[in-house]
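Positions 69 to 526 (this note's numbering) are the ones given, in order, by the sequence shown.
Just so you know, even glycine gets a beta-carbon here, dropped at the ideal spot from N, CA and C.
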Amino acid sequence: AFADRIEAHNGKLNAVLDFDPAHALEQARAIDARRAQGHDLGPLAGVPIAIKDNICRRGELTTCCSRMLASYRPPFDATVIRRLHHAGAVILGRLNMDEFAMGSSNETSCFGPARNPWDLERSPGGSSGGAAAAVAASLAPTALGSDTGGSIRQPAALTGVVGLKPTYGRVSRYGLVAFASSLDQIGPFGREVADVARVLSVIAGRDPMDSTSVDRDVPDYLAALESKPDRPLRVGLAREFFSEGLDPEVESAIREAARVFEAEGATVSEISLPNSKHAIPAYYIVAPAEASSNLARYDGTIFGHRAEDFEPKTDAEKDLPALIRMMMASRAEGFGPEVTRRIMLGTFVLSAGYADRYYVQALKVRRLIRDDFDRAFQNVDVILGPTSPVPAFKVGEKLSDPLAMYLLDVYTGPANLAGIPGISLPGGLTKSGLPIGIQLQAPAFAEETLLRAARIFE
Ligand code: GLN
């Protein structure tokens, strides 16, 4: 059924980049055969799942939607892929995304933008735009994305699906092509809270291949949804959320969500996250700094596209060794404009003389943002707020204005800086019929609380 839907709708959506129905059916038949032989089947037996193009699968193209990795076939599976196979999931192919996950609209992809199923003129958000569009249009029931500053939650919001960014360290990043290693986290998309809970239980847990994955028990998140909490949920609403730039219809959806929680027996109180206004500047220093370092490996020698022509084009280039010219030409050809901008920003904020003023300062701000959350979570269990300040925007509307694009991360970036989990849930439609996302955030490793709260709202 999903293969038929991909066939029928993907041409317009450009969400799934390549899909081999025969291969998917073969995986599904192998699971049927195991069942027939009386084997225990995993918790995701037969469940199709599509994968963002920055998560490595052995022998399969994994390109990060960049010319730089256009022909890269990893020799290994990411840990999450190994776990999905073990759980019996059927991998449905790879999903469009912003180049190297840098963007909020899926427009920086070298394969062209994915489209929002609610309105094909509009973006599904990004960077996991293909994942969100695929789940929203039922091309796949679930998908894996990655979230460095909002890339699971924001596209989920713009397409009316559920998207979860787990706690930093909850899910192994082994085999996730690195963007900003201290912020990146893999997480699930689904149509319902129960679906992301199911997938999280499979992919979470300590992995010796990722030293930042944390050794903590993985609860049965699905069972957690059914369990009764011993006291009413305490929901916090940060006063800083309601500031300039928040679309009035998104604001009313958040206020309405607060009323829903109260009607369900939760208490809603005002909290403050005073340093949240510094989150965008801090994020756009820390993330590019780490990106510039991570992307240094693509030099055309071991990793990445290699330029064929690297003859000197200017007098200055004549004095450079051929190896350096080859690397320069390869990087210039391989990386698109947004990735280049991030590398320039990152190397600048890390450079001698500027690192203290920018990078080190941003790390201090990052700490203050985390302290704000710690303080808030002394009084509330979850924080309710917007996911994106605006509903889905038109393809092309923001691409030429990087700062406008960066501002879209205002509500999602803080969770990555603090390492806490966040989930975006469908919170109704605008008058013109576009989905609005509401976000819940919880303390580190409180995914059970987060998912249970999400279920109340659902
Ligand atoms: N929009 C943010 C950025 O461009 C976040 C991207 C992400 O989470 N991968 O960096």
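- Go ahead and pull the three-state DSSP assignment for residue 498. Within the sequence shown, residue 498 is the residue found at index 430, counting from 1. The answer is coil: DSSP assigns residue 498 none of H, G, I, E or B.
- Identify the continuous alpha helix (DSSP H) that holds residue 80 and give its terminal residues. Here the question's residue 80 lines up with position 12 in the sequence shown. Element bounds for residue 80: 70 to 81.
- Return the chain-ordered ranges of every alpha helix (DSSP H) run that is complete within the region 112 to 159 and spans a minimum of 4 residues. For secondary structure counted as the alpha helix (DSSP H) over 4 or more consecutive residues, the region 112 to 159 holds these complete runs in sequence order: 147 to 154.
- Consider the C-beta atom of residue 484 and the heavy atoms of the ligand GLN; say whether any pair is separated by less than 8 Å. Start at 1 with the first residue of the sequence shown, and residue 484 comes out as number 416. Answer for residue 484: yes, Cβ within range of the ligand GLN.
- What is the DSSP secondary structure of residue 354, counted as helix, strand or coil? Against the sequence shown, residue 354 aligns to sequence position 286. In the structure shown, residue 354 sits in a helix (DSSP, three-state: H, G or I).
- Is there contact between the region 423 to 440 and the region 358 to 374, where contact requires at least three CB pairs shorter than 8 Å? Cβ pair count under 8 Å is below three, so no.
- Determine the DSSP secondary structure at residue 447, reduced to helix, strand or coil. For this step, residue 447 is matched to residue 379 along the sequence shown. DSSP places residue 447 outside both helix and strand once states are collapsed to three, so it counts as coil.
- Message: So for residue 507, helix, strand or coil by DSSP?
- Response: Counting from one through the sequence shown, the residue named residue 507 turns up at place 439. Three-state result, residue 507: strand.
- Query: Just to check, is the beta-carbon of residue 227 closer than 8 Å to a non-hydrogen atom of the ligand GLN?
  - Reply: Taking the first residue of the sequence shown as 1, we reach residue 227 at position 159. For the ligand GLN, not one heavy atom lies less than 8 Å from the Cβ of residue 227.
- Query: When the cut-off is 9 Å and only beta carbons count, does residue 224 lie next to chain C?
  - Reply: Among the chains of the structure shown, chain C does not appear; only one protein chain is present.
- Identify, in the order they occur along the chain, each residue of the same chain with its Cβ nearer than 6 Å to the Cβ of residue 333, setting aside the five sequence neighbours on each side. Taking the first residue of the sequence shown as 1, we reach residue 333 at position 265. These residues qualify, in order along the chain: 300.
- Within 10 angstroms of the Cβ of residue 391, are there 16 or more other Cβ atoms? Answer buried if so, exposed if not. The residue given as residue 391 occupies position 323 in the sequence shown. By the 10 Å Cβ count, residue 391 comes out exposed.
- Query: Anyone know if the C-beta pair for residue 225 and residue 211 falls short of 9 Å?
  - Reply: In the sequence shown, the residue the question calls residue 225 occupies position 157. In the sequence shown, the residue the question calls residue 211 occupies position 143. Inclusion of residue 225 and residue 211 in the CB contact set at 9 Å is not warranted, their separation being larger than that value.
- Item | When 378, 305, 424 and 383 are compared against residue 510, the one with the closest alpha-carbon | Here residue 510 is taken as the residue at index 442 of the sequence shown, counted from 1. Out of 378, 305, 424 and 383, 305 has the C-alpha closest to the C-alpha of residue 510.
- Message: Taking the alpha carbon of residue 214 as the reference point, which residue from 206, 198 and 228 has its own alpha carbon closest?
- Response: Against the sequence shown, residue 214 aligns to sequence position 146. Nearest option by C-alpha distance: 198.
- Message: Quick check: the Cα distance between residue 475 and residue 348, rounded to an integer number of angstroms?
- Response: Translated into the one-based positions of the sequence shown, residue 475 becomes position 407. Translated into the one-based positions of the sequence shown, residue 348 becomes position 280. Their backbone Cα atoms lie some 7 Å apart in a straight line.
- Message: Closer than 8 Å to a non-hydrogen atom of the ligand GLN - does that hold for the CB of residue 527?
- Response: Residue 527 lies beyond the range of the chain shown here (69 to 526); nothing can be said about it.
- Item | One or two residues paired with residue 86 in a DSSP bridge | Mapped onto the sequence shown, residue 86 falls at position 18. BP columns for residue 86 point to 162.
- Tell me, please, whether the region 91 to 104 touches the region 136 to 147 by the rule of three or more beta-carbon pairs shorter than 8 Å. They do not touch, by the three-pair rule.
- Query: Is residue 222 near the ligand GLN, with its Cβ less than 8 Å from a heavy atom?
  - Reply: Here residue 222 corresponds to residue number 154 of the sequence shown, with the count starting at 1. Within the cutoff, so yes.
- Item | Simplified DSSP assignment, three categories, for residue 302 | To locate residue 302, count along the sequence shown from 1; it is residue 234. It is a strand residue.
- Query: So what's residue 402 in DSSP terms, helix, strand or just coil?
  - Reply: The residue you call residue 402 lines up with position 334 of the sequence shown. Looking at residue 402 - three-state DSSP - the assignment turns out to be helix.
- Task: Would you kindly check if the distance between the Cβ of residue 504 and the Cβ of residue 490 is under 9 Å?
- Result: Numbered from its first residue, the sequence shown carries residue 490 at position 422. Numbered from its first residue, the sequence shown carries residue 504 at position 436. With respect to the 9 Å criterion, residue 490 and residue 504 are not classified as neighbours on the basis of their beta carbons.
- Length of the line joining the Cα atoms of residue 398 and residue 287: Along the sequence shown, read from residue 1 onward, the residue named residue 398 stands at position 330. Along the sequence shown, read from residue 1 onward, the residue named residue 287 stands at position 219. Looking at the two C-alpha atoms, the distance is approximately 46 Å.
- Item | Inter-stretch contact (C-beta, 8 Å, three-pair minimum) for the region 154 to 174 and the region 84 to 97 | Three or more pairs of CB atoms, one per stretch, sit closer than 8 Å, so the region 154 to 174 contacts the region 84 to 97.
- Task: Quick one: which unbroken beta strand (DSSP E) runs of 3-plus residues sit fully inside the region 412 to 498? Chain order, please.
- Result: With a minimum length of 3 residues, the continuous beta strand (DSSP E) runs that stay inside the region 412 to 498 are 450 to 454 and 490 to 497.
- Query: Should residue 363 be counted as a contact of the ligand GLN given a C-beta to heavy atom distance under 8 Å?
  - Reply: Mapped onto the sequence shown, residue 363 falls at position 295. Because no heavy atom of the ligand GLN lies under 8 Å away, the Cβ of residue 363 does not count as near it: no.
- Bridge partner(s) assigned by DSSP for residue 366: On the sequence shown, position 298 is the one that residue 366 refers to. For residue 366, the pairing in a beta bridge is given by DSSP as 371.
- Message: Is the separation between the beta-carbon of residue 468 and that of residue 413 shorter than 9 Å?
- Response: Locating residue 468 in the sequence shown gives position 400, where the first residue counts as 1. Locating residue 413 in the sequence shown gives position 345, where the first residue counts as 1. In this structure, residue 413 does not lie closer than 9 Å to residue 468 by Cβ.
- Using 8 Å as the threshold, is the region 339 to 353 in touch with the region 305 to 324, meaning 3 or more CB pairs across them? By the Cβ test, the region 339 to 353 is in contact with the region 305 to 324, since at least three Cβ pairs between them sit closer than 8 Å.
- Unbroken alpha helix (DSSP H) runs of length 4 or more, entirely within the region 240 to 276: which are they? Whole alpha helix (DSSP H) segments, 4+ residues: 261 to 271.
- Taking C-beta to C-beta, are residue 50 and residue 260 nearer than 9 Å? What is shown of the chain runs 69 to 526, which leaves residue 50 out entirely.
- Would a C-beta distance cut-off of 9 Å place residue 232 and residue 256 closer than the cut-off? In the sequence shown, the residue the question calls residue 232 occupies position 164. In the sequence shown, the residue the question calls residue 256 occupies position 188. For residue 232 and residue 256, yes; Cβs fall inside 9 Å.
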